[in-house]
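K.L.:
Take any residue in the sequence shown, note its place counting from 1, add 180, and you have its number in this note's numbering.
Here a beta-carbon is modelled for each residue, glycine too, at the ideal position from N, C-alpha and C.
Please read these numbers as outputs of a predicted model, since none were measured by experiment.
Take this structure, written in structure tokens, and hold onto it; I'll ask about it next.
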Amino acid sequence: MDKTTGDDGDIASVMGFSGFGKKARTFDLDAIFEQTRRTAIERSQRVIGKCFITGNVITLLRSHDEVQKSDSSSDSGSDSDSDSELIGPPVPPQHAAQQGDDDDDEHVGPPLPPGYTGSTAHSDDDDDEEGEAQDDDDDNPVKKIPDTHEITLQHGTKTVSALGLDPSGARLVSGGYDYDVRFWDFAGMDQALQAFRSLQPCECHQIKALQYSITGDVMLVVSGNAQAKVLDRDGFSVMECVKGDQYIVDMANTKGHTAMLNCGCWHPKIKEEFMTCSNDGTVRTWDLNSEKKHKSVFKPRSFQGKKVIPTCCTYSRDGKLIAAGCQDGTIQIWDRNLSVHTKFHCRQAHTPGSDTSCLSFSYDGTMLASRGGDDTLKMWDIRNFRKPVNGVSGLTNYFSMTDCCFSPDDKLLVTGTSVKKDEGNGKLVFFDRISFQRVYEIDVTNASVVRCLWHPKLNQIMVGTGNGLVKVYYDPVKSHRGAKLCVVKSKRKEKHAEALTQDYIITPHALPMFREARQRSTRKQLEKDRLDPKKSHKPEPPVSGPGRGGRVAAHGGTLSSFIVKNIALDKTDDSNPREAILRHAKEASENPYWIAPAYTE
């Protein structure tokens with residue numbers, strides 16, 4: 181080292197300068213770090229004191245405790261605790277308060293502006309309250325029922341026995357006992373609420389069921405005749421099922437139904453397949469592409485093996501099962517691919533002799549709801565089909581197509597009640613699926629509630645009543661589209677017809693073929709029409725002479741008829757012979773000439 185220094189001095193003396201430069205400064209890093217730390221602590225204490233004056237007591241106390249801990253740790257001189265102490269510029273008050281409120285939150289970015297902390301806290305509280313309210317709504321399914329508003333569609337004056345909505349919820353179709361099928365377009369309607377089309381697809385047969393396919397392009401129409409029809413979205417016929425031979429004993433050997441239909445529905449997965457049930461004792465599946473013959477046939481049987489009539493039928497949600505409710509009170513379920521024996525059946529589901537009006541599977545596919553003609557509503561578990569899970573009675577049912585359905589969240593079960601005329605209001609009743617308690621009800625109208633639909637996309641409830649009304653219940657917040665589209669449109673103004681009168685050109689010297697007929701007065705035209713026997717509908721005068729035009733003249737109007745009338749006279753003598761003789765007795769006694777002298781003795 182000394183040798184190196186000597187060499188540098190020699191070089192410096194030779195070069196003519198005193199040295200190579202200033203000596204490098206040495207820094208004590210530990211001392212600098214300690215000084216910086218203490219400065220930061222002092223600044224933080226001043227900031228905390230100011231915040232304490234403003235009133236943030238809890239947050240500042242926590243920060244003060246941290247400062248005290250950092251002081252004690254710094255006094256102890258432990259290097260391991262020094263990393264968690266306050267180092268650097270002072271922390272803003274708002275940021276310090278946020279750190280005091282939530283030590284686990286990580287704050288990234290610049291500090292928040294003054295006055296923003298309070299609003300954030302309030303907004304957080306509001307969000308918490310809204311979250312709690314939303315949790316309460318989720319826990320309480322009654323609050324999800326969209327019944328705050330309603331609109332009424334006038335179908336007619338008779339019972340609305342069928343309702344159908346397409347999958348998108350854009351069009352509603354209704355059918356009734358008046359044979360009419362009406363189409364309602366929510367997007368095209370205004371506040372007048374008029375149907376855009378009305379037709380009678382099955383002539384003089386009541387409409388039993390209407391349903392759109394899963395694609396919504398065609399619609400199934402089930403009426404009181406033996407042939408179901410398929411219509412397109414505009415009401416034009418696409419297919420009509422064939423009618424079977426009613427003289428064949430085995431209904432499986434006929435091509436179609438031979439008696440009145442009761443119900444029908446589409447397959448939930450296959451868009452070309454649908455199903456119908458009839459009074460001929462069969463449930464038949466059909467293919468839209470082959471209208472000459474059914475696809476398969478299911479024959480429900482009683483406990484004795486006799487034929488029974490199915491009154492309603494439905495598919496399961498996955499389309500693998502077919503269920504039918506029968507008049508003997510049974511519910512029979514088949515595998516769709518095995519039509520011989522039932523997969524599940526319950527012999528005493530409802531009272532024998534009553535019409536089971538509806539069967540409905542839950543959205544999870546494990547539960548089946550049945551609406552009986554014995555005024556009951558029952559819930560069945562497919563996995564244990566021997567006895568119902570729950571049931572309720574006292575729900576009056578006068579119609580063979582009274583509906584029951586599940587809510588979109590699968591927590592509620594809905595059905596309608598029937599009433600006689602002027603004996604109260606029909607109600608839409610809601611039951612909890614698990615406890616089966618009546619949780620809510622809606623007074624619909626002073627008539628029976630027959631059909632009900634709860635569309636999952638629209639979140640709106642459609643109800644068909646016994647007095648020809650279709651009511652749509654919705655909530656402006658919870659519902660979507662549907663009735664909300666038409667209630668905001670004002671009625672269209674009536675267009676007054678403007679008639680253009682024809683101008684007559686009067687040319688006195690024109691040729692007859694070019695002359696235009698002058699408009700005559702109404703009085704003269706009426707007088708002329710009065711003289712015309714055809715326009716005035718003058719009665720025909722009696723025929724004189726020989727008959728003509730299919731009319732016969734009066735008797736005796738011709739010579740031949742007069743002769744026939746006088747030749748064939750009836751000249752029967754109805755006189756009494758005794759009276760005729762006694763008429764001459766007085767004259768004979770006064771002037772006896774022939775007989776009296778000879779018989780005097």
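Counting pairs of Cβ atoms below 8 Å between the stretch 519-532 and the stretch 569-580, do you hit three or more?
P.N.:
The stretch 519-532 vs the stretch 569-580: no contact.
K.L.:
State the beta-bridge partners of K487 as determined by DSSP.
P.N.:
R481
K.L.:
Reducing DSSP to helix, strand and coil, say where N639 ends up.
P.N.:
Residue state, collapsed to three classes: coil.
K.L.:
Out of K487, E383, I387 and L379, point me to the one whose CA is closest to V429's CA.
P.N.:
Checked all of K487, E383, I387 and L379; the closest Cα to V429 is K487.
K.L.:
For the alpha helix (DSSP H) containing K766, list its first residue and its last residue.
P.N.:
A765 to E770
K.L.:
Taking all protein chains shown into account, do 16 or more other C-beta atoms lie within 10 angstroms of the C-beta of I325, making it buried, or fewer, making it exposed?
P.N.:
buried
K.L.:
Report all residues from its chain with a CB closer than 8 Å to the CB of S393; omit the five preceding and five following residues, and keep chain order.
P.N.:
Cβ within range, chain order: M399, L400, W446, K451 and F454.
K.L.:
Rounded to the nearest angstrom, how far is the Cβ of V463 from that of C493, given a contact under 8 Å?
P.N.:
With 8 Å as the limit, V463 and C493 qualify as a contact, their Cβ atoms being about 5 Å apart.
K.L.:
In three-state terms, what does DSSP make of T297?
P.N.:
Only weak support exists for where T297 lies, its pLDDT of 47 falling under 50; the coordinates are left without a value.
K.L.:
Assuming T332 is part of the beta strand (DSSP E), what are its boundary residues?
P.N.:
According to the DSSP assignment, T332 belongs to the beta strand (DSSP E) that extends over H329 to Q334.
K.L.:
Can you tell me which of the three DSSP states R661 falls into?
P.N.:
coil
K.L.:
Can you tell me whether DSSP reads D210 as helix, strand or coil?
P.N.:
In this structure, D210 counts as helix in the three-state DSSP scheme.
K.L.:
Strictly by DSSP, which residues pair up with G344?
P.N.:
Beta-bridge pairing links G344 to V353.
K.L.:
Cα-Cα, which of V629, A375 and D210 is closest to K607?
P.N.:
Nearest of V629, A375 and D210 to K607, Cα basis: V629.
K.L.:
Inspect the CB distances between the stretch 470-482 and the stretch 535-544 and report whether three or more fall short of 8 Å.
P.N.:
no
K.L.:
For K558, which residues does DSSP report across the bridge?
P.N.:
Paired residue(s): S550 and G571.
K.L.:
Does the beta-carbon of A503 have 16 or more other beta-carbons within 10 angstroms, so that it is buried, or is it exposed?
P.N.:
buried
K.L.:
With A760 as the anchor, note down where its beta strand (DSSP E) starts and where it stops.
P.N.:
Where A760 is concerned, there is no enclosing beta strand (DSSP E), although the alpha helix (DSSP H) it sits in stretches over P757 to L762.
K.L.:
For the alpha helix (DSSP H) that contains T625, what are its first and last residues?
P.N.:
Premise fails: T625 lies in the beta strand (DSSP E), R618 to T625, not in any alpha helix (DSSP H).
K.L.:
In terms of residues, what are the limits of the alpha helix (DSSP H) holding D709?
P.N.:
For D709, the enclosing alpha helix (DSSP H) starts and ends at T702 to L711.
K.L.:
Count the other CB atoms, across all protein chains shown, that sit within 10 Å of the CB of I614; report buried if there are 16 or more and exposed otherwise.
P.N.:
exposed
K.L.:
Thinking C-alpha only, which one of V650, P757, E707 and P722 is nearest G336?
P.N.:
V650
K.L.:
Taking A350 as the reference, give the member of T465, L665 and G727 with the closest Cα.
P.N.:
L665
K.L.:
What is the rounded straight-line gap between the Cα of S537 and the Cα of S716?
P.N.:
58 Å
K.L.:
To the nearest angstrom, report how far apart A372 and R362 are at their CA atoms.
P.N.:
Per the coordinates, the alpha-carbon of A372 lies some 15 Å from the alpha-carbon of R362.
K.L.:
What is the residue span of the beta strand (DSSP E) that S458 lies within?
P.N.:
E453 to S458
K.L.:
Please say whether M547 and D561 have beta carbons closer to each other than 9 Å?
P.N.:
yes
K.L.:
If you draw a straight line from the alpha carbon of S598 to that of V643, how long is it in whole angstroms?
P.N.:
Distance between the alpha carbons of S598 and V643: 13 Å.
K.L.:
Go through its chain and collect everything with a Cβ distance to Y783's Cβ below 7 Å, but skip five positions before and after it.
P.N.:
With the chain covering 181 to 781 only, the question about residue 783 has no answer from this structure.
K.L.:
What do you reckon, are the CB atoms on T456 and C421 nearer than 9 Å?
P.N.:
yes
K.L.:
Tell me, to the nearest whole angstrom, how far the beta carbon of L441 is from that of V477; I am working on the premise that it is less than 8 Å.
P.N.:
Not confirmed; about 14 Å, so no contact.
K.L.:
Whose C-beta lies closer than 8 Å to the C-beta of P381 among residues of the same chain, with five residues either side of it excluded?
P.N.:
Excluding residues within five positions, the ones whose Cβ falls inside 8 Å are V361, V401, S403, K409, L411, G415 and S417.
K.L.:
Could you tell me the boundaries of the beta strand (DSSP E) in which L441 lies?
P.N.:
L441 to W446
K.L.:
Cβ atoms of P588 and W634: under 9 Å apart, would you say?
P.N.:
W634 is a Cβ neighbour of P588, given a cutoff of 9 Å.
K.L.:
When we look at the beta-carbon of C584 and count the other beta-carbons within 10 Å, is it buried (16 or more) or exposed?
P.N.:
buried
K.L.:
Is the separation between the beta-carbon of G499 and that of K479 shorter than 9 Å?
P.N.:
No, these two residues do not count as a Cβ contact at 9 Å.
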